[in-house]
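Q: Below you will find the structure I want to go over with you.
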Amino acid sequence: MITQAPRGTADWYGESMAKREKIEEICKTIAATYNIKQIMTPVFEHTVLFQRGVGETTDVVQKEMYTFEDKGGRSITLKPEGTAGAVRAYLEHSMYAESGLTKLFYVTPAFRYEKPQSGRLRQHHQFGVEYIGSESPLVEVELISLVSQLVKSFGLNDIEVHINSIGCPKCRAEYNKALLAYLNEHKDKLCKTCLERMEKNPLRVIDCKEEGCKEVVANAPRTIDYLCDECKNHFEELQALLTELGINFKIDTGIVRGLDYYTKTVFEFVNKDGFTLCGGGRYDNLVHEIDGKQDIPAAGFGMGLERVLYFLELENVDLGGVKAPNLYLGFMGSVKAKAYKLVDQLRKEGLSVETDYLDKSVKAQMKYANKINAPYVVIVGEDEFANGEVKVKNMADGTETVVSIENIASVIK
RNA sequence: GUGGGUGUGGCGCAGUUGGCUAGCGCGCUAGAUUGUGGCUCUAGAGGCCGUGGGUUCGAGUCCCAUCUCCCACCCCA
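In terms of this note's numbering, the first sequence is numbered consecutively and its last residue is 415.
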C-alpha cells in the first residue's frame with residue numbers, strides 16, 4: 003500500500019492545486035489591503051506550547067495531537083492549529099517592541115488525529131490572521147470584515163456571521179458559578195462526558211449535542227447575561243461597529259469554541275447546515291499563558307482552505323482552473339535542436355511555452371495544444387527556418403498570421 | 001472514539017440466483033488527411049475486480065479480517 007497516502011491526507015495537483023493557488027492569492031491580496039504581514043513558523047513545536055496554549059482540557063490536546071519524541075528526547079507536536087506558533091514567534095522575537103499592534107497572517111498545514119470526512123482531514127490547511135497588541139473591539143471587527151471580504155471575493159453567498167461573547171476570566175467565574183448551580187440541578191439528565199466537563203470546564207457542556215444535554219442547555223444561563231461591565235461594553239461596541247460597517251451578523255449564544263484560549267468575542271462563519279468555514283475570536287490570556295510574564299491582548303481567526311474548496315463546490319462557484327501556456331511551439335522533421343532553441347529563447351523573453359517531448363506527429367501536437375488550451379500555436383519545420391517566417395495560429399478562430407521568427411514573442415504579447 | 005455505507009482500467013459506472021477469454025461511456029494512443037486542433041469514423045493500449053485469508057470443482061459475486069473513502073455523532077478548519 004505504498005501508493006496510498008496515509009489516512010486523512012490529500013494530494014494537491016491539477017485542478018485542486020490551481021484552485022488552491024487562486025484561494026491563497028485572494029487571501030494574500032486582501033491581507034495586503036489591511037497591511038498584514040506574512041509569517042511562517044515551524045510545522046512542529048514543543049508539545050508544551052500547545053498544552054499550555056490550546057488548553058489541557060480540550061479535545062484537540064487530549065486526543066488529537068500528533069505527538070512524538072525526537073532523537074534528542076524532546077516531546078514534539080505537529081501543529082494542530084496556527085495561533086500558538088504565531089504567538090510563540092511574536093514573543094520569541096519581541097515583536098511587541100516594534101509597534102503597538104502586530105498584524106500577522108499565515109498559510110499553514112495543521113494536524114489533528116481525527117476520523118476523516120469530506121472537508122475534514124488529518125492534515126488540513128489554514129489561512130489565519132492574528133492581531134496582537136490591542137484590546138479594542140475594532141480588532142475583531144476588522145477580522146470579521148476581512149473574512150467577509152474574502153467570502154465575497156471567493157464568490158460565496160450562503161455564509162452567515164455568528165458572534166458571541168464568552169466574557170473574561172472575571173465574569174466567567176460568575177457565570178461558571180451560575181452555570182454549575184444550574185447544571186447540578188439537572189445532573190440526572192446530562193451525559194457522562196458532560197459530567198466530566200462540569201468538573202474541568204463547564205462551558206463546554208453548552209455545545210454538547212446529546213439530546214438530554216441539549217434540553218438542559220436550552221434553559222441554561224447564557225454567557226452574555228453574565229458579562230462584567232467591561233466585557234458587556236466591549237460586546238456592545240463590537241456590534242455597533244459591525245452595524246456601522248453594514249455587516250450582518252447573528253448572536254449565537256451556542257458558540258463557545260473548542261480551544262481554551264478564547265476570551266470575550268468568539269465568531270464563526272457558517273453556512274445553513276452549520277458547517278464552519280472559519281472560526282476565531284479574542285484571546286487576551288494566551289500571550290500570558292505562553293510567556294508567563296506579559297499581558298498582551300490579541301485576537302485572530304483560522305479559515306480552512308479545504309473548507310473554502312468545499313463551499314465553492316457546494317455553491318457551484320468556479321474560481322478558474324489550470325492555467326494555459328501562452329504558446330504551443332511544435333515542430334517536425336529534422337529541426338528538433340533549432341526548434342528547441344527557439345522554445346528556450348521565447349521562454350527567456352517571458353512567454354510561457356509548451357512543446358513536444360514525445361516525437362508526436364503534427365496532428366497529435368495540435369490535439370495536445372488544443373487540449374491544454376494554448377491560445378496560439380506555431381509549428382516549425384525546415385521551410386520555416388529556411389525563410390525565417392512562421393505562421394502563428396490563433397486557436398480560437400483558426401486564423402493564421404505570418405510572422406518573422408524574431409517577432410514571435412512581441413506579436414503574441 | 002461510536003454507529004452505518006462503500007471500493008471493478010486514468011475518471012464515471014454496469015456486471016443478473018457464484019459459471020466460459022470481466023463489459024460500457026469519457027479519456028488516452030494511432031490511422032482516415034506522408035506538414036496542422038476542436039466534429040465524425042475506424043483500430044489499439046490499458047484491469048492480480050482495495051488488500052490478505054477462507055468456503056467451493058469454480059469467487060468481481062458468498063464468509064472473515066484489514067485498509068481506504070463517504071455519512072451521522074463527537075469535535076473542529
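We put the beta carbon where it would ideally sit given N, CA and C, even for glycine.
Leaving out the 5 sequence neighbours to the left and right, which residues in its chain are closer than 6 Å to Leu93 when beta-carbon positions are compared?
A: Correct list, in chain order: Asp293.
Q: Using three-state DSSP, classify Val141 as helix, strand or coil.
A: Val141: helix per DSSP, three-state reduction.
Q: Based on the DSSP secondary-structure assignment, which residues constitute the bridge partners of Leu1?
A: In the structure displayed, the chain extends from 3 to 415; residue 1 sits before or after that span and is not available.
Q: Would you check if the segment 316–336 and the segment 169–176 touch, i.e. whether three or more CB-CB distances between them fall below 8 Å?
A: As far as the Cβ criterion goes, the segment 169–176 does not touch the segment 316–336, which means the pair count is below three.
Q: Using 8 Å as the threshold, is the C-beta distance between Asp91 and Ile41 below it?
A: The sequence as given places Ala at residue 91; Asp does not occur at that position. Yes, the pair counts as a contact, with Cβ atoms nearer than the cut-off.
Q: Below 8 Å, how does it come out for the segment 161–169 and the segment 219–235: are there three or more Cβ pairs, yes or no?
A: Verdict: yes, contact present.
Q: Unbroken beta strand (DSSP E) runs of length 3 or more, entirely within the segment 58–109: which are they?
A: Correct list: 68–71, 77–80.
Q: Between the Cα of Phe129 and those of Ser147, Gly84, Phe156, spot the shortest distance and give me the residue it belongs to.
A: Nearest C-alpha to Phe129: Gly84.
Q: Alpha carbon to alpha carbon, how far is Cys280 from Met305?
A: Their Cα atoms are separated by approximately 4 Å.
Q: So Ala301 and Glu142 are supposed to be a Cβ contact under 8 Å. How far apart are they, rounded?
A: Right, the Cβ-Cβ distance comes to about 5 Å (below 8 Å), so this counts as a contact.
Q: Over the uninterrupted alpha helix (DSSP H) stretch that includes Thr267, give me the two end residues.
A: Taken as a continuous stretch (DSSP letters only), Thr267 belongs to no alpha helix (DSSP H), being part of the beta strand (DSSP E) at 265–272.
Q: What would DSSP say about Arg199, mapped onto helix, strand or coil?
A: Residue state, collapsed to three classes: helix.
Q: In its own chain, which residues sit with a C-beta less than 6 Å from the C-beta of Leu321, not counting the 5 before and 5 after it?
A: Excluding positions up to five away in sequence, the list reads Lys21, Lys24.
Q: Taking the continuous alpha helix (DSSP H) assigned at Gly16, which residues delimit it?
A: Looking at the DSSP string, the run of the alpha helix (DSSP H) that includes Gly16 is 16–35.
Q: Rank Ile134, Leu344, Pro204, Glu187 by C-alpha distance to the C-alpha of Pro299 and give the top, closest one.
A: The shortest C-alpha separation from Pro299 is found at Ile134.
Q: Just the Cα atoms here: how many angstroms apart are Ala376 and Glu17?
A: Using only the alpha carbons, I get a separation of about 17 Å.
Q: Excluding the five sequence neighbours on either side, which residues of its own chain have a C-beta within less than 7 Å of the C-beta of Glu176, listed in chain order?
A: Taken in chain order, the residues that qualify are Tyr228.
Q: Just tell me which of Thr267, Gln53, Lys179 has its CA closest to the CA of Cys233.
A: That would be Thr267, whose Cα lies nearest to the Cα of Cys233.
Q: What span of residues does the alpha helix (DSSP H) with Lys395 cover, start to end?
A: Taken as a continuous stretch (DSSP letters only), Lys395 belongs to no alpha helix (DSSP H), being part of the beta strand (DSSP E) at 391–396.
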